[in-house]
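K.L.:
Numbering (the numbering used here), first residue to last: 366 to 550.
Below is a structure I'd like to ask you about.
Structure (structure tokens):
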């Protein structure tokens, strides 16, 4: 996805998160509709946890210490995996819910403070990461998923997956908000 479009969509999503959830009380942000669904805060923490796993990958690429797995050198596989992942995480594919990789559970988020402030700060770092690494995207850098070395795709696809994944969890969070609005607690 074009950098300007990607950054604009990320900014719009960040603004939507703040405008939709910014006035909620702490207990509302952490309200779980049931044992199988995450709270708004857990959705946001999950996004931060997932997205942060890409930062060291890019740092390793910049330091020339990153090794693309062998499977990433098979020409058609990164494109195939990237396309499948993009299709899978699209927000309209809500029914395709599966359990997340353990390293990406929201329970791995250990920071103190307002989840909304932390999310907003993280979004700025993510925005900068995308802008600062346009050259890697243009050269079609291949990476492995931080959760599974056998899943490879382009860095460009990785950023698209990140954005679509965020949009998907925003929709999930709005569904939790709708339950709060109906006083179904």
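For every residue, glycine included, the Cβ atom is placed at its ideal position computed from N, Cα and C.
The model shown is predicted, which means the values in this text are computed figures rather than measured ones.
1. Would you kindly check if the distance between the Cβ of residue 382 and the Cβ of residue 524 is under 8 Å?
2. Return the first residue and the last residue of the alpha helix (DSSP H) that residue 385 is part of.
3. Hey, how far is the Cα of residue 510 from the Cα of residue 438?
4. Compute the distance between the beta-carbons of residue 471 and residue 543, then report whether it is under 8 Å.
5. Mind checking which residues open and close the beta strand (DSSP E) that includes residue 509?
6. May I ask you to verify whether the region 438–456 touches the region 397–407, counting CB pairs closer than 8 Å and requiring at least 3?
7. Please determine, among 399, 508, 379, the residue with the shortest C-alpha to C-alpha distance to residue 427.
8. Indicate the three-state DSSP secondary structure (helix, strand or coil) for residue 413 in the structure shown.
P.N.:
Once the coordinates are examined:
1. Within the chain shown, the letter at position 159 stands for residue 524. Within the chain shown, the letter at position 17 stands for residue 382. Taking a C-beta distance under 8 Å as the contact criterion, residue 524 and residue 382 do not qualify as a contact pair.
2. The sequence position of residue 385 within the chain shown is 20, counting from 1. DSSP places residue 385 inside the alpha helix (DSSP H), whose first and last residues are 368–386.
3. Position 145 of the chain shown, counted from the start, is the residue given in the question as residue 510. Position 73 of the chain shown, counted from the start, is the residue given in the question as residue 438. Those two C-alpha atoms are separated by around 14 Å.
4. Here residue 471 corresponds to residue number 106 of the chain shown, with the count starting at 1. Here residue 543 corresponds to residue number 178 of the chain shown, with the count starting at 1. Taking C-beta atoms as the reference points, residue 471 and residue 543 fail to come closer than 8 Å.
5. Here residue 509 is taken as the residue at index 144 of the chain shown, counted from 1. Here the beta strand (DSSP E) through residue 509 covers 507–510.
6. No, because fewer than three Cβ pairs between the region 438–456 and the region 397–407 fall closer than 8 Å, the two stretches do not touch.
7. Translated into the one-based positions of the chain shown, residue 427 becomes position 62. Among 399, 508, 379, the Cα nearest to that of residue 427 belongs to 508.
8. Position 48 of the chain shown, counted from the first residue, corresponds to residue 413. Of the three classes helix, strand and coil, the one that applies to residue 413 here is helix, per DSSP.
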